[in-house]
Structure formats: C-alpha cells, structure tokens
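Notes to accompany the following structure.
Number of protein chains: 2
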Amino acid sequence: MAVELELDKQHKKVLVKEPASVTSMVTGHYGYMKKGTVELFPEEALYLMDIRNAKCHDSALNQCSFNEVAGLFECKKQMARYFTYKDWRDRGLIARQVSEICEKYGRNAVKKYPAGSFLMDKFAMQARFFPDDLWSIIDDEAVGKELYDRYWFGQFGTYKAEQRGKLSKLDAYEALFLMRHCNLHLSNSNEHELIKYAKRQHKDFLHLYEVYEDWRLRGFVLKTGFKFGTHFRIYFPGASPSRSNDEWIHSKHVIHVFPRDSKMLISEWSRAIRVAHSVKKTFILAIPGEKKKKKIEKKDPFATTLDFLLYHRHKGGIENPKDGKPKYLMFSLSEEEYIGGEELAEAIEDCKRIGLELLLAISDRETSVTYYAIKRLELPGSKYEYYEIEWEQP
Amino acid sequence: MAVELELDKQHKKVLVKEPASVTSMVTGHYGYMKKGTVELFPEEALYLMDIRNAKCHDSALNQCSFNEVAGLFECKKQMARYFTYKDWRDRGLIARQVSEICEKYGRNAVKKYPAGSFLMDKFAMQARFFPDDLWSIIDDEAVGKELYDRYWFGQFGTYKAEQRGKLSKLDAYEALFLMRHCNLHLSNSNEHELIKYAKRQHKDFLHLYEVYEDWRLRGFVLKTGFKFGTHFRIYFPGASPSRSNDEWIHSKHVIHVFPRDSKMLISEWSRAIRVAHSVKKTFILAIPGEKKKKKIEKKDPFATTLDFLLYHRHKGGIENPKDGKPKYLMFSLSEEEYIGGEELAEAIEDCKRIGLELLLAISDRETSVTYYAIKRLELPGSKYEYYEIEWEQP
Chain A
85 MAVELELDKQ HKKVLVKEPA SVTSMVTGHY GYMKKGTVEL FPEEALYLMD
135 IRNAKCHDSA LNQCSFNEVA GLFECKKQMA RYFTYKDWRD RGLIARQVSE
185 ICEKYGRNAV KKYPAGSFLM DKFAMQARFF PDDLWSIIDD EAVGKELYDR
235 YWFGQFGTYK AEQRGKLSKL DAYEALFLMR HCNLHLSNSN EHELIKYAKR
285 QHKDFLHLYE VYEDWRLRGF VLKTGFKFGT HFRIYFPGAS PSRSNDEWIH
335 SKHVIHVFPR DSKMLISEWS RAIRVAHSVK KTFILAIPGE KKKKKIEKKD
385 PFATTLDFLL YHRHKGGIEN PKDGKPKYLM FSLSEEEYIG GEELAEAIED
435 CKRIGLELLL AISDRETSVT YYAIKRLELP GSKYEYYEIE WEQP
Chain B
85 MAVELELDKQ HKKVLVKEPA SVTSMVTGHY GYMKKGTVEL FPEEALYLMD
135 IRNAKCHDSA LNQCSFNEVA GLFECKKQMA RYFTYKDWRD RGLIARQVSE
185 ICEKYGRNAV KKYPAGSFLM DKFAMQARFF PDDLWSIIDD EAVGKELYDR
235 YWFGQFGTYK AEQRGKLSKL DAYEALFLMR HCNLHLSNSN EHELIKYAKR
285 QHKDFLHLYE VYEDWRLRGF VLKTGFKFGT HFRIYFPGAS PSRSNDEWIH
335 SKHVIHVFPR DSKMLISEWS RAIRVAHSVK KTFILAIPGE KKKKKIEKKD
385 PFATTLDFLL YHRHKGGIEN PKDGKPKYLM FSLSEEEYIG GEELAEAIED
435 CKRIGLELLL AISDRETSVT YYAIKRLELP GSKYEYYEIE WEQP
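Sequence lines, in order, name chains A and B. Okay, so the first sequence: first residue is 85 according to the numbering used here, each after it adds one. Okay, so the second sequence: first residue is 85 according to the numbering used here, each after it adds one.
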C-alpha cells in the first residue's frame, strides 16, 4: 500500500501518521519518530513521492504534486541534493540528515607515503631562459647529462631517446627549483623575471611550484603530467630516468593542484580525474596555501555544511543507523556548478573533525551520479595536506 | 663529416658555404640555395647543431653555442617552434617555412554529416525551474514520458532505468529549446530568468545553447557529455532512448564548444580531447559566434601566422618539396600556453584558404610532442562550422 504523506504548509513539515505507513518509514530508515508520528525531511518526502508512489495531501486534503512540495522547501542546490540522495537510496543504501551527527566516528583513514630527502652535489650551471614559452636550456652537454641522469632534472636529448641531441631543457618548475636550491644561473634573466613570465602564462604558477618543491625536497621526482591530463606525474624516491632491463619506469601517481582561492567547473575538474583514471594512475589532489582560520562553533562541534550522512555496505549487508556507523559525508554537486579550493578544503576539514570520509556525489545533467571518495594522505615532513581521489561505485 | 655553419651576426643569417655541407643541405631539404650558398632558417640551424652535430662559427671564426644562436634569433614562442620542428624532423619527415607557400594546394577535405530535421507535435507543457542548479522538472508523468520516449528530451524516471520514477528532468539547454520551439512554460520562472541563472553558472551558456539548437534543429539528439569530458554527446538523426534488443545505443560523437572570445590553457583543452579519445568517441569542436572580418592582404593571399609547412608520407616513402605537395600547416604550441577561440578560428581560415589541413603540434614540458589534426565537417543547413579533431601519430 502506498505511503500517505501529510504536508503541513504552515509549519513546513511533512508528516506520516497512518500506522502502516509509520511502520514502513521506521523499517526503511526514513525520518524521525516523535510520539507515533514520523516527520520526514524534504528529500525523503520527494523520494517517496517520486519512487515509492507515496501520495501527499495538505491539511485540507488537497493532493500535492512533486513540484508543489519541492517549491515549499526551496533551498540552495535543491535538485543536486535530491538527485544524489535518490541515487544513494536507489542503490539500496541509507542516507540520513547531517543534523543527527553527534559523535566522532573515527572512520577516516590516513595513508602514509614513504619519503626520502633531496641531496645534490654542488654544480655550477648556466641556462638560457626563453621567456615566451618558459623553457630554460642548458647547452653544456656534460652538465645537462649529469643533471638528467643522476637527478632527473630537465629532458636531456630527446624524450624517450636521450642519446639524440645534447641540450637539456628545463621547465619553469625545475628551473626555479634549481635556482633556489642548486645554484642555477640564467644567462639572460633572473628568478624574478622567470616568476613574472610564468605567472603571466599561468596565474597559479607559484602555487604549483610550492607543491613541486614540497615533493621534490622529499625525494620524489615530478615531471609534467600533460599526457595524463594533470599538472605533474610523480615517481617515488629513488626513481631514475634510465630504463632497467629496457623497460620504462611508469609513474603510478599524478598530482593536480587546486589552489584555495581558485574556482573550477565541476565538469572540468572531473575531466582531470577521468584522464588519470583511464590511464590507471592514482589521482592526488593538492590544495596549497594557508588555511583560513575558521571558528568552530562551541555549541556544536559536529556542525557541517555537507549534505548527507551515508551508510554503506558491510559483509554482504548494508550499514544502518540502528546497529552501525555511517561511513561517508556526502557533498552533493552538479555538473555545471563551480567548486572553490577553499570550499573543498573546508569540506575535508569537516570530515576530519567528524571522523568520516568525504564522498563527492556529482549529478550530471541526466541525473546520473558519479562518486569520488577523498582520502587524506600524509607526506612525512610536509606542512601541506594531500588527498587521493578515487572513483567509487558504491 | 659535420656540417659547417657560418653565423653572420650583422645580417642575422646562418649560411652554409662548404661544398660537401651544401650538398648535404640540398638533399636533406634544409634552407634555400642562392648562388652556391645555402641560407638556413633559425630552426634548421638549431636542429643541425643539436642533432646533426653541426659546428657553428661567426665571421671571426669564434665557435657559437646553441644558446648564442638562439639568442640572436629570439622571437615569440621560439622553443615551442623549435621543439615541434625538431620532432617532425626526428620522425624523418620534412618541414619547411611557410614563406614558401605560393599556391592553393587543394588537400583539405570536408566531411559531410547527414542531417534530418526537427519535427514535433504540439504539446502543452509546464515545468518547475530550479534556479540554483538549472534543472526544470515536469511532474506530469504522461507528458514527461512522451517527451522522453518520442523525442528524447529530459531524463524520464531514472538514468538507465526509465521505469523507476515518474519525473522528467530537463537540463537548461533542453528547457530553453522547448520554450523557444515547443511551447514549454515554466510555472515559477521564464526564459529571461533561466538565461540569467544559466549564464551566472556558465558564462558561455548562450554559445553552448547556439550549438545545441543548431544540431537539434537538424534532427540530432544532444545529451550531456559529462561522462566523456565534453559539453554534449551526439546521436545521429533517428536515435531514440529505448534499447533495441536490450542493447544501449552508444553515441559515437561528442561536442566541445570553444567560443571565439574565450581562451583556454592548451593543457586543459587537450584533456578534453584525451577523455573523448579514451572512450573512442569522435571529438567535434564547435566555434560558435560571428567571424571577425579579417582583411586579407592583397599582395600575398598565402600569408599566414602559422608555423611550418609540413610534408608527410606517401606510399611507403616521404613527401618532399621536390616532387610533391605539403599536407599540413603546423600550429606550434606548448603545454602551458593559452589559445583563444578566435585565434584557432583564424588558423583554420588560413588553412582553408591555402588548401591544407591544420595540424596542432603541442610540446609538453618534456618536449614530447602531441599532434591533433583538425578537419572541417559540414552540417548541412548550418551557418556554423564544425571540426573533427583527431589525435595523430605522424
């Protein structure tokens, strides 16, 4: 039998009073029970009307349509919230309101990366800087070759054919790093100018450089991620450009830098993750820059602007609020929305405080939902935080 | 024996005079012969020094390094030009200067797409508009279902499970199209407001809509291209959302819209093509908006700002300037450069006038070059031009 919903327009509430419907709500983990009546949240009411054939009437017993109920509860990104809630429920999983968070769940893991350190012999190096396309070229063959073979800076010779040619080509990140840490001198320019030209091309250049430097100083090797749709690809400490047994070493991780003060269309952001995924790389997100000090309200340390509390699966069954803990906090988004670095950083901060993992749920224009889980990783010695982003099919 | 180059600093020329070297230049298709002396272009001289071990000296017989010669010929995107020239040569292929173009080559093909037309019965439709996330929802089940089944507007029910749910969700392109062409009415908003909110989210909304409308009016079906990293995916005229033999119809084409007045980082643009390529879709580029009237210099109808004239392969051999025609014009770019819609449109216009195909050559920060060929396609009846972009390995 279809569930009966009652819309109290005056108090903006959706109630379930009819006994059989109440039971069905309780077993289905919908709403909150209060003195024999279940009060539903808007997404729950909309879902029951859309999918479970629930009928809704107002106090005067007039039938109410989906759009009328939605209209009464108008809010920011209402449909993105609804479609992502719906998708979670359609998968047979339980989603609840974030207002019921009342403990630290301790379910957010931190992955620890290995780290080495950067050590280099003293060099005297000189390069010519090409301001319009940001390369610096060392034409002293011996210096360029050693720099490449021992430390994998620049591209010596030809890509995948080092023996062909005698120049070493440094990109702007490598050149700046070598100027700051290893005594590189530009014959026709200087650090200040390199930064000026690089910022003209790429306004976030210094943010990208911060990330480059952070990993390089810990022994990782970073090269362009162009082929994989990201800013850098990463090799773990100890990597070298030379082939072992004629096999190329393949990077397994790529880094995308998302500065706090920048904004990006969700669809563009997702594109970067898709390319990395299609080439089987782990996608690492870097949010460089200083954290904004955000006051945490003392009265509710579990307050969050995130959208839903998600229960997942366990041992062939599903988690539920009665005998289990939630796993994720859902951030409901839609394809044509902008997301800011700061906003994402705050969402991650909320998850850390509450002890859950962040799950981005992106509804495309056809309401098909794509999920990305965001997991913290620790780079020992770094003052920044990094995140692995994984495509999930819950 | 190594080639001998002579750098005439005063006249900014690189010359080859030694007889054996002259012969080697002529057979290798380097430079221009003038009274027994070959004059080289800067990229040729740099290439010979870098790869062919050429020695360069000035008039006083001082040895000159790569960086000294490069410094003398400083110009816009000099290294992007050099690395893409080098890559073409490294493949054993011939590249020449665009200054030698003197005819219309007639080697640019136009692909013709089939086209139908858009026909629809009269409907009376009403939807609620959700301004913050741009969806419009029809909650009249019969109307929404017919609109979906017969014309594939909106997403009825659930994505890949139409029988689940009874709402029809229209995206902003579909809603605007139905308002303009099929009598859709928004219960809580209007066309002007929808455009206002959509432009707030996506400043190029109306350009994207122009493209959407252009293809829709010619019988194609356009849905979101989110999963494939582009603005739209396309089904050819006659496509329907229903499965035949329980098989999903798969789109084979995606469209990316690049407005004339917008600029995009090459790396971001390339990312979009990569996603499409990884899912085996044909990538279509749309450059909507009015062409800027550009005066073509009367004295040289073959003038172009493009970078090199490229000879390719034929029947197991390579094309060369002696007994064949060039195939492409190369547009030399680098990963961290911006490209504008207008600039790309002009490059395409040059190629059309000269009768060659456009080849984008993008050098990444490691000087590895990726090629994209741009081929015109004709959508019968459309006033716009569209292009297929193909990843090439020359």
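Where a beta carbon is used, it is the ideal one built from N, C-alpha and C, also for glycine.
Would residue i be called buried (16 or more neighbouring beta carbons within 10 Å of its own) or exposed?
{"i": "residue 338 of chain B", "result": "buried"}
{"i": "residue 159 of chain B", "result": "exposed"}
{"i": "residue 201 of chain B", "result": "exposed"}
{"i": "residue 345 of chain A", "result": "exposed"}
{"i": "residue 326 of chain B", "result": "exposed"}
{"i": "residue 306 of chain A", "result": "buried"}
{"i": "residue 194 of chain B", "result": "exposed"}
{"i": "residue 238 of chain A", "result": "buried"}
{"i": "residue 477 of chain B", "result": "exposed"}
{"i": "residue 105 of chain B", "result": "buried"}
{"i": "residue 268 of chain A", "result": "buried"}
{"i": "residue 401 of chain A", "result": "exposed"}
{"i": "residue 203 of chain A", "result": "exposed"}
{"i": "residue 145 of chain B", "result": "exposed"}
{"i": "residue 397 of chain A", "result": "exposed"}
{"i": "residue 284 of chain A", "result": "exposed"}
{"i": "residue 126 of chain B", "result": "buried"}
{"i": "residue 143 of chain A", "result": "exposed"}
{"i": "residue 94 of chain B", "result": "exposed"}
{"i": "residue 454 of chain A", "result": "buried"}
{"i": "residue 247 of chain B", "result": "exposed"}
Based on the DSSP output, what are the partners of residue i in its beta bridges?
{"i": "residue 455 of chain A", "result": "A:445 and A:476"}
{"i": "residue 416 of chain A", "result": "A:445"}
{"i": "residue 92 of chain B", "result": "B:97"}
{"i": "residue 140 of chain A", "result": "A:89"}
{"i": "residue 317 of chain A", "result": "A:307 and A:338"}
{"i": "residue 194 of chain B", "result": "B:460"}
{"i": "residue 209 of chain A", "result": "A:268"}
{"i": "residue 437 of chain A", "result": "Answer by DSSP bridge pairing: none, since residue 437 of chain A is not bridged."}
{"i": "residue 123 of chain B", "result": "B:99 and B:116"}
{"i": "residue 393 of chain B", "result": "B:180 and B:413"}
{"i": "residue 480 of chain A", "result": "Residue 480 of chain A falls outside the range modelled here, since chain A spans only 85 to 478, and no answer is possible."}
Give the straight-line distance between the Cα atoms of residue i and residue j, rounded to the nearest whole angstrom.
{"i": "residue 150 of chain A", "j": "residue 447 of chain A", "result": "19 Å"}
{"i": "residue 429 of chain A", "j": "residue 470 of chain A", "result": "10 Å"}
{"i": "residue 97 of chain B", "j": "residue 129 of chain B", "result": "10 Å"}
{"i": "residue 288 of chain B", "j": "residue 353 of chain A", "result": "17 Å"}
{"i": "residue 182 of chain A", "j": "residue 435 of chain A", "result": "11 Å"}
{"i": "residue 371 of chain A", "j": "residue 433 of chain A", "result": "12 Å"}
{"i": "residue 462 of chain A", "j": "residue 303 of chain A", "result": "15 Å"}
{"i": "residue 216 of chain A", "j": "residue 458 of chain A", "result": "37 Å"}
{"i": "residue 311 of chain A", "j": "residue 259 of chain A", "result": "21 Å"}
{"i": "residue 363 of chain B", "j": "residue 315 of chain B", "result": "15 Å"}
{"i": "residue 415 of chain A", "j": "residue 110 of chain A", "result": "25 Å"}
{"i": "residue 464 of chain A", "j": "residue 340 of chain A", "result": "19 Å"}
{"i": "residue 281 of chain A", "j": "residue 473 of chain B", "result": "30 Å"}
{"i": "residue 286 of chain B", "j": "residue 299 of chain B", "result": "20 Å"}
{"i": "residue 422 of chain A", "j": "residue 265 of chain A", "result": "37 Å"}
{"i": "residue 466 of chain B", "j": "residue 361 of chain A", "result": "36 Å"}
{"i": "residue 141 of chain A", "j": "residue 347 of chain B", "result": "52 Å"}
{"i": "residue 124 of chain A", "j": "residue 115 of chain A", "result": "4 Å"}
{"i": "residue 236 of chain A", "j": "residue 224 of chain A", "result": "16 Å"}
{"i": "residue 177 of chain A", "j": "residue 131 of chain A", "result": "13 Å"}
Compute the beta-carbon to beta-carbon distance between residue i and residue j, rounded to the nearest angstrom, for a pair I have assumed lies under 8 Å.
{"i": "residue 92 of chain B", "j": "residue 242 of chain A", "result": "With a Cβ gap of about 29 Å, residue 92 of chain B and residue 242 of chain A do not count as contacting."}
{"i": "residue 154 of chain B", "j": "residue 89 of chain B", "result": "About 13 Å; that fails the 8 Å criterion."}
{"i": "residue 319 of chain B", "j": "residue 292 of chain B", "result": "Their Cβ separation, rounded to whole angstroms, is 18 Å, which puts residue 319 of chain B and residue 292 of chain B out of contact at 8 Å."}
{"i": "residue 211 of chain A", "j": "residue 254 of chain A", "result": "6 Å"}
{"i": "residue 405 of chain B", "j": "residue 136 of chain B", "result": "About 19 Å; that fails the 8 Å criterion."}
{"i": "residue 218 of chain B", "j": "residue 420 of chain A", "result": "6 Å"}
{"i": "residue 418 of chain A", "j": "residue 208 of chain A", "result": "That belief does not hold up - the Cβ atoms of residue 418 of chain A and residue 208 of chain A are roughly 55 Å apart, past 8 Å."}
{"i": "residue 297 of chain B", "j": "residue 261 of chain B", "result": "6 Å"}
Open item on the list: I want to know whether the segment 388-397 of chain A touches the segment 408-421 of chain A - three or more CB-CB distances under 8 Å.
Closed with: In the pairwise beta carbon analysis, the segment 388-397 of chain A is classified as touching the segment 408-421 of chain A: at least three pairs are separated by under 8 Å.
Task: Stretch pair the segment 212-230 of chain B + the segment 180-190 of chain B: three plus CB contacts closer than 8 Å - done: With the cut-off at 8 Å, the segment 212-230 of chain B and the segment 180-190 of chain B do not touch.
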